[in-house]
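Below is one structure, written out as structure tokens; the observations come after it.
Protein chains: 2
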Amino acid sequence: MGSNPVILEKLIEKFERFPGIGRKTAQKMAFFVLSQTREEAEDFANAIVLAHEKIKRCAICKNLTDEDQCKICRNEARDKGTICVVEDTRDVLAFERTHEYTGVYHVLGGLISPLEGIGPDDLFVKELLSRIKEGETKEIIMATNPTVEGEATALYLSRLIKPLGVRVTRLAYGIPVGSDLEYADDITLYRALEGRRDI
Amino acid sequence: MGSNPVILEKLIEKFERFPGIGRKTAQKMAFFVLSQTREEAEDFANAIVLAHEKIKRCAICKNLTDEDQCKICRNEARDKGTICVVEDTRDVLAFERTHEYTGVYHVLGGLISPLEGIGPDDLFVKELLSRIKEGETKEIIMATNPTVEGEATALYLSRLIKPLGVRVTRLAYGIPVGSDLEYADDITLYRALEGRRDI
Numbered sequence: 002m003g004s005n006p007v008i009l010e011k012l013i014e015k016f017e018r019f020p021g022i023g024r025k026t027a028q029k030m031a032f033f034v035l036s037q038t039r040e041e042a043e044d045f046a047n048a049i050v051l052a053h054e055k056i057k058r059c060a061i062c063k064n065l066t067d068e069d070q071c072k073i074c075r076n077e078a079r080d081k082g083t084i085c086v087v088e089d090t091r092d093v094l095a096f097e098r099t100h101e102y103t104g105v106y107h108v109l110g111g112l113i114s115p116l117e118g119i120g121p122d123d124l125f126v127k128e129l130l131s132r133i134k135e136g137e138t139k140e141i142i143m144a145t146n147p148t149v150e151g152e153a154t155a156l157y158l159s160r161l162i163k164p165l166g167v168r169v170t171r172l173a174y175g176i177p178v179g180s181d182l183e184y185a186d187d188i189t190l191y192r193a194l195e196g197r198r199d200i
Numbered sequence: 002m003g004s005n006p007v008i009l010e011k012l013i014e015k016f017e018r019f020p021g022i023g024r025k026t027a028q029k030m031a032f033f034v035l036s037q038t039r040e041e042a043e044d045f046a047n048a049i050v051l052a053h054e055k056i057k058r059c060a061i062c063k064n065l066t067d068e069d070q071c072k073i074c075r076n077e078a079r080d081k082g083t084i085c086v087v088e089d090t091r092d093v094l095a096f097e098r099t100h101e102y103t104g105v106y107h108v109l110g111g112l113i114s115p116l117e118g119i120g121p122d123d124l125f126v127k128e129l130l131s132r133i134k135e136g137e138t139k140e141i142i143m144a145t146n147p148t149v150e151g152e153a154t155a156l157y158l159s160r161l162i163k164p165l166g167v168r169v170t171r172l173a174y175g176i177p178v179g180s181d182l183e184y185a186d187d188i189t190l191y192r193a194l195e196g197r198r199d200i
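Top to bottom, those sequences are chains F and R. Sequential numbering of the first sequence, starting at 2, is according to the working numbering. Sequential numbering of the second sequence, starting at 2, is according to the working numbering.
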């Protein structure tokens, strides 16, 4: 470490702060920056500043967008009566990749986690409730991750939403398509059995 | 992909160009940039441009430095008669971490690889030879990686250097400290046997 020039060391430290990036990868990335042309490096730096400047949350669904409302909320063809509630933008991207979902989304910006000190007020829960109270909503699909925090958040929200007379559903649990039964964990297998359907 | 704002998509693409960074990690990194404060993001962008502007290769050993000569070459206490020849700066860092090596380095900037079209002229080979011809050098330690390219480069260089009357050595092959013999590959084990020493 001591033999790295200070400026290089600082750049490596910046890369190390990224989630999932360790010392070695950070070094590799810093060296890659140095191996780029001057123009490429400046382009990269500009992209960072520009993204930070322009990207904000959609006024309706809190998804990331560079306009006042995101593309999905502005799309007339999407069914505004169905709202899929997800943890973050990456989940929206996952659903959009299926090309099957035609409703809209609501991004919570996290999950309720008492251990990390994240409560409902730290998430976009108020915004979800006022969207529902506007009256257009028919169904809320809870699509938080199947983890303890995801389940707790879904349960908490459904208790708030059901009294508003809106149908609340949850993604189906079961064995993943293309997987091997042998390797499925007990709970997943049990849920798959429990949720079995006629064919 | 289609539902990402263009500016965000561009930032993700920049991260995707890094070696070993796939689509998902690039997305994670871009989202991390957005989650930082404005100041942090600008700091990061500045660190990139600054590093690219200031970091260059040492006039002597071709290691990365922000001055004309690197710290190691400027250090009076280092033995200028012993040159450790490595592929790139990361290898210098690895040796420096041992705190045992007191000689100097020569960074080749790559390895000879006909498949990738990299010949001796693309590396700092000329510079190494002229360093040796200056007469101070007593020993050249070949410390290229134990791969086909590393071996070929070491062999090629030693053939050029030996006629100059300088001792050329190679790092010892053997079983790594703390490893399990059971998992050592055949060639390593053979080399360890071949290079056995009296105790």
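The beta carbon of each residue, even a glycine, is placed where N, CA and C say it ideally should be.
Buried or exposed (CB count within 10 angstroms, at least 16 for buried), Thr26 (chain F): Buried is the call here.
Residue from R:Ser180, R:Gly111, R:Thr170, R:Ser131 with nearest C-alpha to Thr154 (chain R): The candidate whose alpha carbon is nearest that of Thr154 (chain R) is R:Gly111.
Where Ile22 (chain F) sits in the DSSP three-state scheme: Here Ile22 (chain F) carries a coil assignment [DSSP, helix/strand/coil].
Collapsed DSSP secondary structure at Tyr106 (chain R) in the structure displayed: The answer is strand: DSSP assigns Tyr106 (chain R) an E or B state.
Whole-angstrom distance between Ile176 (chain R) and Thr189 (chain R), CA atom to CA atom: Looking at the two C-alpha atoms, the distance is approximately 6 angstroms.
Delimiting residues of the beta strand (DSSP E) encompassing Ile84 (chain F): Annotation for Ile84 (chain F): the continuous beta strand (DSSP E) segment containing it runs 80 to 87.
C-alpha gap between Glu43 (chain R) and Arg18 (chain F), whole angstroms: Their backbone Cα atoms lie some 15 angstroms apart in a straight line.
Neighbour list for Asp67 (chain R) in chain F, Cβ cutoff strictly below 8 angstroms: Residues of chain F passing the Cβ test: Pro6, Val7, Ile8, Leu9.
Counted within 10 angstroms of its Cβ, other Cβ atoms place Ala48 (chain F) as buried (16 or more) or exposed: With 16 or more other Cβ atoms within 10 Å, it is buried.
Which listed residue (R:Val169, R:Arg168, R:Ala193, R:Arg171) has its alpha carbon closest to that of Ser180 (chain R): The candidate whose alpha carbon is nearest that of Ser180 (chain R) is R:Ala193.
DSSP state of Ser131 (chain R) mapped onto helix, strand, coil: Note: Ser131 (chain R) maps to helix in three-state DSSP.
Between the CA atoms of Ala31 (chain F) and Glu137 (chain F) - distance to the nearest angstrom: Answer to the nearest angstrom: the Cα atoms are 50 angstroms apart.
Gly208 (chain F) vs Glu140 (chain F) beta-carbon contact at 8 angstroms: Because chain F in this structure spans residues 2 to 200, residue 208 (chain F) falls outside the shown range and cannot be described.
Closer than 8 angstroms to chain R by CB, Thr90 (chain F): Yes, Thr90 (chain F) counts as interfacial toward chain R.
Any alpha helix (DSSP H) of 4 or more consecutive residues that is wholly inside the region 29 to 67 of chain F: Segments of the alpha helix (DSSP H) lying fully in the region 29 to 67 of chain F: 39 to 55.
Straight-line gap, Glu54 (chain F) to Gln28 (chain R) (C-alpha atoms, nearest Å): Taking the straight line from one Cα to the other gives about 17 angstroms.
Closer than 8 angstroms at the beta carbon, the chain R residues around Arg24 (chain F): Within chain R, no C-beta atom comes less than 8 angstroms from the C-beta of Arg24 (chain F); the nearest is roughly 10 angstroms away.
Continuous beta strand (DSSP E) assignments of at least 3 residues falling wholly in the region 111 to 194 of chain R: Whole beta strand (DSSP E) segments, 3+ residues: 140 to 143, 168 to 171.
Candidates F:Asp187, F:Val178, F:Phe96, F:Leu130, of which the one nearest Asn146 (chain F) by Cα: For Asn146 (chain F), the nearest C-alpha among the options comes from F:Phe96.
Contact list for Glu43 (chain R) against chain F, beta-carbon separation under 7 angstroms: Simply Val50.
8 angstroms contact criterion, which Val105 (chain R) and Val87 (chain R) should meet: CB distance rounded: About 11 angstroms; that fails the 8 angstroms criterion.
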